[in-house]
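Here the structure is laid out as structure tokens; the discussion comes afterwards.
Protein chains in written order, with this note's numbering: chain E, 1 to 542; chain P, 1 to 331.
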């Protein structure tokens, strides 16, 4: 008998007990679509680039941003930032100042001389782009990145399109525009200026182009019939803004009346003020609520002393500059109707800002095209009815903003690439939306009160005037860190910490986490306590 | 890091989350560590969403780190003991001993004495139990351990009833709560509004070196208190609030939420006391009415019937408000 008198049994580990068998629901990690990304007309991965900005790696942030949009510094000045309108942080305190961080990153890139990498290989295909505005430049950038040879032709004397000839300098300084355009051209893109394409098919054939992207914009001012004396000084907004780029500034006089209610009308009225007009009056036939111009632009214009006459139309303009204005009243359906009540306004000049049309003459004789309401119809791949000819920006039916144009350029580039390679571009399915109810906002720090007033001031002034600079690094970093990272794991370790069963495996920095389904009981605490909504419980299937 | 980063002192989630990639390694919690001890390992048989399993790992991992892994734990009978050590398995990855329901504090005193006799002052001792083993059955031994100032940290995981035996009332069960022994029947359904038995306050009355309350909803606060306690010799007591989905009739996913609401309503004040005097309290961040906390639990469902029991809800609110005043929770 060599057995001991008393024995000690080895204890086994509870790891033998696979509690995962209890589970009826299982957690899964997922990336949800942040509302900012969802709202961005240029399809930027805003949450993605803010993630890098949060850690102070501004170059990585800028590179992530320019994956989608090459014009960060321009965006940070002229974009109407629908991202901020949809930002979930707005439901906690105030939306993240995405636009000001974007401007900071764009300015950093110019200051530090960051460049775009040339394509890794050449495809051997040639693409013609007509129009060097935001849409054309965006398409050129993306096509060049994909390895295609790109040539841009533009009818104007300088590149930039409406960014140069429509947007006033006080909103977009020309050195910023020049720097961002040049950086795109430096990728090896040919630009031919002062060259109006008369017939697109002939031009394509002559240059042996495999595809074309048309983005000529909308540069023809719409007219309205207003009886006027021969000496009456009547101009259109497009030419006024364009001539601001030339040697001879437009002579508008001391009393300027602008007719229209869009952003262009405001641009002209504010430009007139800057040219020395003592009175700059906008006449608009409807109410402020109905005005298509953006609210903050109206606000800024009013702050600068621009006057707006609501519910008014211009009947005629006499030689000596007397305008007859008729008061309007809204009918039951909200349409303005004449009241017969007249008044007069003294004006040295009248500028019509009544919208713009597209010059479609280059498309004459192209078979298959569908034109409607003065625009070119395109399919969901941005291709016109003529195979190989794509179009975007203001010349296709859409909201006419720089950001939308840039988005068109990117989308068209991807589909042109797919069309050229014979492998149609199939956009990845969109993730489900990271709405506010998916978040656990408890975990986010309240913005410290000491920094907020400074930030508010910086935000207010950064969008107004180039006399005042944008965010400095301190503010930009703080602003970036206000991002909630909606729907996308930012490695806060909460799931790893809160699991009562130690069933979350931490994979290390940058590698996120995994569930250990041998032990996960499916309690759902990880989902409930995930700040950003990057975990979802789904039914267990046997 | 840039100098300016330091100047901003804003870290997106600060220390509210378990970790934070913007914080330096040494500013993160023990639970964020890839190499944490996992003192209470996977495979234990606690219910889904068990607050006690979570609280025990939080506390013991923190104590292990604070003592350089020189730690022995003594466990009272209760859920924690039952679900972690069904023979022949154990979930404990630390030296661990279980004796009886009521004698954990006394056994721990003995283990501490043994270490002293062995000349191992570096080995530290923790006793732990549920509210039953602490506030009822083990109360005599606990008071003795305090009174002798034995070198033990006693941790009570309070889930407010005897849970593994079938949810019977303990002296930590709150007023109006339904348990198996205080059913929701009669003119005053649920537990009586007694005078209460506040063990942290009783511990303070012993004037022991350190007493604290903590919650599984505030990890940083909990870890800091455990670490602080392990830096002190003599009798110490930490009372940790751990929701019980089974006994409270709450959703397993709501465990931390309920713990957070208990703090934010004022029903469970977070404070610490040295030598019998309150020295700090953790302020409420967003004050909420007690109904937000009560409504998530079936043990209070009878308060929210067709005719809400406004009188007793007001009484519970009164308890919360009194805590807010007593401990200065709104700063």
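From the three backbone atoms N, C-alpha and C, an ideal C-beta is built for every residue, glycine too.
In the displayed model, residue 158/P falls within a strand according to three-state DSSP. Under DSSP, no beta-bridge partner is assigned to residue 289/E. Shown in chain order are the members of the region 507-520 of chain E whose Cβ falls below 8 Å from a Cβ of chain P: 508, 509, 516, 518 and 519. Residue-level contact by beta carbon holds for residue 12/P and chain E, with a gap shorter than 8 Å. In the three-state scheme derived from DSSP, where H, G and I count as helix and E and B as strand, residue 304/P is classed as helix. For the region 136-162 of chain P, there are no residues whose beta carbon sits under 7 Å from a beta carbon of chain E. Interface annotation, residue 443/E: in contact with chain P, CB-CB separation under 8 Å. Taking CB atoms only, residue 494/E has a neighbour in chain P less than 8 Å away. Between the alpha carbons of residue 239/P and residue 524/E lies a gap of roughly 26 Å. Contact between the region 181-195 of chain E and the region 127-144 of chain E is present: three or more C-beta pairs spanning the two stretches fall below 8 Å. At a cut-off of 8 Å between beta carbons, residue 125/P makes no contact with chain E.
Every unbroken stretch of the alpha helix (DSSP H) spanning 4 or more residues and falling wholly within the region 216-279 of chain P is given here in chain order: 219-230, 245-248 and 255-265. With fewer than 16 other Cβ atoms inside 10 Å of its own Cβ, residue 111/E counts as exposed. Comparing C-alpha distances from residue 30/P to each of 68/P, 295/P, 191/P and 50/P shows the shortest one belongs to 68/P. A distance of 8 Å or more separates the beta carbons of residue 124/E and residue 154/E. The Cβ-Cβ distance between residue 119/P and residue 445/E does not fall below 8 Å.
Annotation: the continuous beta strand (DSSP E) that includes residue 26/E extends over 25-29.
Judged by beta-carbon spacing, residue 27/E lies beyond the 8 Å limit of residue 46/E, meaning their Cβ atoms are not closer than that value. The criterion of a C-beta distance shorter than 8 Å is not satisfied by residue 42/E and residue 430/E.
Annotation: the continuous beta strand (DSSP E) that includes residue 312/E extends over 312-317. Cβ contact annotation for residue 207/E (same chain, cutoff 8 Å, sequence separation greater than five): 126, 128 and 151, in chain order. If you check the CB distance, residue 329/E and residue 260/E do not come in under 8 Å.
By the neighbour-count definition (other C-beta atoms within 10 Å, threshold 16), residue 185/P is an exposed residue.
Put simply, the CB of residue 502/E is near chain P, with a gap under 8 Å to one of its CB atoms. With three or more CB-CB distances shorter than 8 Å, the region 315-334 of chain E counts as touching the region 218-229 of chain E. Counting along the chain, no beta strand (DSSP E) covers residue 99/E; the unbroken alpha helix (DSSP H) around it starts and ends at 98-112. Close to chain E, meaning a Cβ-Cβ distance shorter than 7 Å, are the following residues of the region 195-228 of chain P: 219. Residue environment: residue 36/P is assigned as buried (16 or more neighbouring CB atoms within 10 Å of its CB, all protein chains considered). Per the DSSP secondary-structure output, residue 444/E pairs with nothing in a beta bridge.
Here residue 285/P is exposed, its C-beta having fewer than 16 other C-beta atoms within 10 Å. In this structure, residue 177/P sits away from residue 217/P, with a CB-CB distance that is not shorter than 8 Å. Taking a cut-off of 8 Å for Cβ pairs, the region 221-230 of chain P and the region 54-74 of chain P touch, as three or more such pairs fall below it.
Beyond the five residues adjoining it in sequence on each side, residue 310/E comes within less than 8 Å, by CB distance, of 284, 286, 287 and 288 in the same chain, given in chain order. Using beta-carbon distances, residue 13/E counts as an interface residue toward chain P, with a partner under 8 Å. Annotated as proximal: residue 244/P and residue 159/P, with beta-carbon spacing under 8 Å. In the assembly as shown, residue 194/E is an exposed residue. Its beta-carbon has fewer than 16 other beta-carbons within 10 Å.
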